[in-house]
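One structure is given here, and the rest of the page talks about it.
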Amino acid sequence: MEEPQFGAAPPRHLRRELTLTDLTMTAIGGLIGSGWLFASMTAATIAGPGALLSWIIGAIAVIILGLTFAELSGMLPEAGGVIRYPQYTHGRFVSFLIGWAALISWAGIPPIESEAVIQYSSSYIHGLYNASSGSLTGPGFVVAAILVAVFFAVNYLGVKLYAKVNTPVTFIKFAAPTLTVIAFLIVGFHPANFTQYGGFMPYHWGGVFAAISSGGIIFAYTGFRPMMDLAGEARNPQRDLPRAFILAMATVGALYILLQLVFIAAVPGHDLTKGWAALDFASPYANLAVALNLSWVAVILYGDAILSPFGTGLVYSAGTPRGIFAFAKNGYFPKTFLSLNNKGVPSSAIYLSFIVGFLFLLPFPSWQKMVGVLSSATILTYMLGPVSAVVLRRTAPNLHRPYKVGAISWLGPIGFVVGSLIFYWTGWPTDGWLMLMTAIGVVVYMFYFSKDPNRSWHDVKSGLWLVAYFVFILLMAKFGTFGGTNSIKAPWDDIIVAVLSIAFYYWALASGRHTESMPEAHQVAEDAKSINR
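Taking full-length UniProt numbering, I'd label the letters of the sequence shown as residues 1 to 533.
Below, the structure is given as structure tokens:
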């Protein structure tokens, strides 16, 4: 494809230039970020060796939810699909609330990744990070802001440049944790760690479940979403998106489980005398490598500790503007955010993404605490995947589906229930903070709704189930066992969440309808078919 001449008018559509390799590397690049650097330790402090089960349960949950998105993105490949799909099935209100949660998670990840770079490097670059307060220093804030600016600058210069930078970075990112697994298996494997110091599950099933959300596991596993957000720029989206998702999840899922295995086995016994909950390494794998006399591995890890979060920040800085682009396309943001530069990328949306990312760098809690909010927001956006996929099979049965989830009649409710449990396991007050942010979103929506001459109360009616669901999860978090008042004892809290989530799932299906936006969905599908001919 020829580059546009200087002074030529910007293209009207996003450019479809991403190959299967580019999409797979985007998914892997999003999956391997600060999560692998910190999540194994954080999960171990919450669940002990039982964190292995947390990674397995988390992988199954994300695969179930992700497969429905593979069907949706293959059928309707467009930028910011996680926001657009609920628009087709439930209208603007549900789409807005899910999009609001998506924007919280999108906008927060590039700055959090830049903070992870600085936190990990604090072992050898002093003065940028205050370990006692868990926040950046003044100079650290400046460096993090520069990193965020670099993320968005690469994306501003075009999706082709983004792919050229991201693919080699992802290869290196994958090599470092793989090398860590091999080295730790050979030199530092202590089987006794799995049975001593409180046993395999010292904090019981509650710890295993809590680690999935609060330990950073969901944060790590849901990194494939930017690949779905770039569906509108894939060369052959209907064929390549499902393949890229399956390749990425199978590869990275196995890697994360192995990383947790070797982390647990490598911790020296003297660090476990006060139990797994007392573990506190500033740079977990690098510190263990030094303890095992693997100094050369530590050097590689310190380098990768910069590269891995950098690569993930780069990936998410590509997804955030596409989400804003989708918001503007739905009519929630000004139309200026639909503008593309001469490289075919949403330039105004990139500017806004950078500003919001910059604001996220203001003093926050530690990586471990911030990741809980982002994980809850992310899993919430994924839970609409099975709902939208099933509703579209009813309202748009003739749309071409190059990939179709089998047994969705039972995988759908299972995915929704598991997602609800993970949402609940994040606990109080994290769920409370997310619901507060969501309430602000409702106020913003009502402002747009009151100004919209074409407003439809059908959209509000189709979203009542989601409002009721939010209230339900909020009450369960407040009165349940995960940071709440413990008024509802285990396992009854999990049972109540699971059973009522099934009811909410079928209420959501019943609320789905053939919305006013369905002609747009058919046009997206037709455009995709014409590309693949």
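All C-beta atoms in this analysis are idealised placements derived from N, C-alpha and C, irrespective of residue type, glycine included. Here the structure is a predicted model, which is why all the values come from computation and not from measurement.
{"Query": "If you drop the 5 nearest sequence neighbours on each side, which residues of the same chain put their C-beta closer than 6 Å to that of Pro110?", "Result": "Val148, Phe151, Gly313, Tyr316, Ser317, Gly357"}
{"Query": "For the structure I just gave you, are there three or more beta carbon pairs, one from the region 327 to 342 and one from the region 246 to 261, closer than 8 Å?", "Result": "no"}
{"Query": "Going by DSSP, name the residue or residues bridged to Tyr129.", "Result": "Leu136"}
{"Query": "So if DSSP puts Ala234 in a beta bridge, which residue, or which two residues, is it bridged to?", "Result": "Leu18"}
{"Query": "Output the boundary residues of the alpha helix (DSSP H) element that contains Ile57.", "Result": "51 to 75"}
{"Query": "Just to confirm before moving on: does the CB-CB distance between Phe141 and Ser375 stay below 8 Å?", "Result": "no"}
{"Query": "Closer than 6 Å by C-beta to Leu292: which residues in its own chain qualify, once you throw out the five before and the five after it? Chain order, please.", "Result": "Val187, Gly188"}
{"Query": "What residue does the alpha helix (DSSP H) around Trp492 start on, and which one ends it?", "Result": "492 to 511"}
{"Query": "Take Pro237 as the anchor and find which of Lys478, Lys489, Leu20, Asn486 has the nearest alpha-carbon.", "Result": "Leu20"}
{"Query": "Taking the straight line between their C-alpha atoms, what separation do you get for Tyr469 and Phe416?", "Result": "12 Å"}
{"Query": "On the DSSP letters alone, give me the boundaries of the alpha helix (DSSP H) that Trp276 sits inside.", "Result": "Segment: none, Trp276 is in no alpha helix (DSSP H) and carries neither H nor E."}
{"Query": "Please state whether the Cβ-Cβ distance between Ser409 and Ser283 is less than 8 Å.", "Result": "no"}
{"Query": "Apply the 10 Å Cβ neighbour rule to Ile118 and answer buried if 16 or more other Cβ atoms are within range, or exposed otherwise.", "Result": "buried"}
{"Query": "Do the CB positions of Gly91 and Ser456 come within less than 8 Å of each other?", "Result": "yes"}
{"Query": "Within a Cβ cutoff of 6 Å, which residues of the same chain sit near Glu113, ignoring the five residues on either side of it in sequence?", "Result": "Gly33, Ser34, Pro309, Thr312, Gly313"}
{"Query": "Just the Cα atoms here: how many angstroms apart are Glu78 and Ala51?", "Result": "36 Å"}
{"Query": "Give the single residue among Ile56, Tyr382, Gly81 whose Cα lies nearest to the Cα of Ile212.", "Result": "Ile56"}
{"Query": "For Trp433 and Ile440, I'd like the C-alpha separation in whole angstroms.", "Result": "11 Å"}
{"Query": "Assign Gln260 to one of three DSSP states: helix, strand, or coil.", "Result": "helix"}
{"Query": "By DSSP, does His90 sit in helix, in strand, or in coil?", "Result": "helix"}
{"Query": "Residues in the same chain with beta-carbon distance under 7 Å from Leu157, minus the five sequence neighbours each way, listed in chain order, please.", "Result": "Lys343"}
{"Query": "Determine the direct distance from the alpha carbon of Thr195 to that of Tyr256, and round the result to whole angstroms.", "Result": "21 Å"}
{"Query": "Which term fits Lys529, buried or exposed, when burial requires 16 or more other beta carbons within 10 angstroms of its beta carbon?", "Result": "exposed"}
{"Query": "Sorted by chain position, which residues of the same chain lie with C-beta nearer than 6 Å to Asn130's C-beta, five sequence neighbours on each side aside?", "Result": "Thr137"}
{"Query": "So Leu380 and Ala101 are supposed to be a Cβ contact under 8 Å. How far apart are they, rounded?", "Result": "5 Å"}
{"Query": "Ignore the nearest five residues each way along the sequence and tell me which others in Tyr448's own chain have a CB closer than 7 Å to its CB.", "Result": "Tyr332"}
{"Query": "In three-state terms, what does DSSP make of Asp452?", "Result": "coil"}
{"Query": "Less than 8 Å between the CB atoms is what I'm expecting for Trp106 and Gly419, so what's the real figure, rounded?", "Result": "With a Cβ gap of about 18 Å, Trp106 and Gly419 do not count as contacting."}
{"Query": "Helix, strand or coil: which one does DSSP assign to Asn293?", "Result": "coil"}
{"Query": "So Val497 and Tyr424 are supposed to be a Cβ contact under 8 Å. How far apart are they, rounded?", "Result": "5 Å"}
{"Query": "Compare the Cα-Cα distances from Ile49 to each of Gly108, Ala265, Tyr285 and report the closest residue.", "Result": "In the sequence on display, residue 49 carries Pro and not Ile. Among Gly108, Ala265, Tyr285, the Cα nearest to that of Pro49 is on Ala265."}
{"Query": "Using the Cβ count rule (16 or more neighbours within 10 Å means buried), how would you classify Ile300?", "Result": "buried"}
{"Query": "Considering only residues of the same chain and omitting the five flanking positions on each side of Ser339, which have a CB-CB separation below 8 Å?", "Result": "Pro10, Pro346, Ser347, Ser348"}
{"Query": "Between which two residues does the alpha helix (DSSP H) containing residue 565 stretch?", "Result": "What is shown of the chain runs 1 to 533, which leaves residue 565 out entirely."}
{"Query": "With DSSP collapsed to three states, give me the class of Tyr469.", "Result": "helix"}
{"Query": "Would Val371 and Gly216 qualify as a contact pair, given that the criterion is a beta-carbon distance under 8 Å?", "Result": "yes"}
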